[in-house]
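S.K.: Let me give you the structure first, and then I'll get to my questions.
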Amino acid sequence: MRSRFTAYAYHDAAYLLATWDNAKKPQSIDFSKDKTVWTKLEIVNVKKGGKNDVKGLVEFKAFFNLDNEERVMHELSRFKKSGERWYYLDGLVKSIGQPKTESGQGKNATCPCGSGKKFKRCCGQN
52 MRSRFTAYAY HDAAYLLATW DNAKKPQSID FSKDKTVWTK LEIVNVKKGG KNDVKGLVEF
112 KAFFNLDNEE RVMHELSRFK KSGERWYYLD GLVKSIGQPK TESGQGKNAT CPCGSGKKFK
172 RCCGQN
């Protein structure tokens, strides 16, 4: 999963296609108009996917910037092992949106400091 995130960050279509299951992979990947800047990967949960397993499930959050706005994609991805390599099967996107702040509030929520301002215009400016 981490290597595929890195491949997206570097627009490495060849690696992504090489690690995609043949039955599910697209013909090609075109990054020519992609303005997404991938910034961080957070693994939320992993089921199976160990040395002796043939399938695995990875839940993750991938943080990115698009048009100067921070976003996060929350996905559940399925993988299968063939030989000694893992291949991406498919994923279920649970959500795409603005990341939550440490307080659990979105950036447009009222700031918890009590100022009455939006979090992004107050304590969330940095």
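Just add 51 to the spot in the sequence shown (first one is 1) and you have our numbering. Note that the Cβ used here is the ideal one computed from N, Cα and C, for glycine as well.
If the criterion is Cβ atoms closer than 8 angstroms, does the pair Lys76 and Val105 meet it?
M.R.: Cβ atoms of Lys76 and Val105: not closer than 8 angstroms.
S.K.: Taking the alpha-carbon positions, what's the Gln149 to Met52 distance?
M.R.: Near 22 angstroms, if we compare the C-alpha coordinates of Met52 and Gln149.
S.K.: Can you tell which of Leu143, Tyr59, Asn119 and Glu120 has the C-alpha that lies nearest to the C-alpha of Phe82?
M.R.: Of the candidates Leu143, Tyr59, Asn119 and Glu120, the one whose C-alpha sits nearest the C-alpha of Phe82 is Tyr59.
S.K.: Please state whether DSSP places Phe56 in a helix, a strand or coil.
M.R.: Three-state DSSP puts Phe56 in a helix.
S.K.: If distances are taken between C-alpha atoms only, which option among Leu127, Trp71, Gln78 and Glu121 comes closest to Lys98?
M.R.: Out of Leu127, Trp71, Gln78 and Glu121, Leu127 has the C-alpha closest to the C-alpha of Lys98.
S.K.: Short of 6 angstroms in beta carbon distance, which residues of its chain neighbour Ser125, apart from the five on each side in sequence? Order them along the chain.
M.R.: The amino acid occupying residue 125 in the given sequence is His; Ser does not appear at that position. So the qualifying residues of the chain are Lys112, Lys145 and Ser146.
S.K.: Given this structure, state the Cα-to-Cα distance separating Glu110 from Tyr138, to the nearest angstrom.
M.R.: Each residue's alpha carbon lies about 15 angstroms from the other.
S.K.: At what residues does the alpha helix (DSSP H) containing Ala65 begin and finish?
M.R.: Its alpha helix (DSSP H) spans residues Ala64 to Ala69.
S.K.: So is Arg238 buried or exposed if we call it buried at 16+ other beta carbons inside 10 Å?
M.R.: In the structure displayed, the chain extends from 52 to 177; residue 238 sits before or after that span and is not available.
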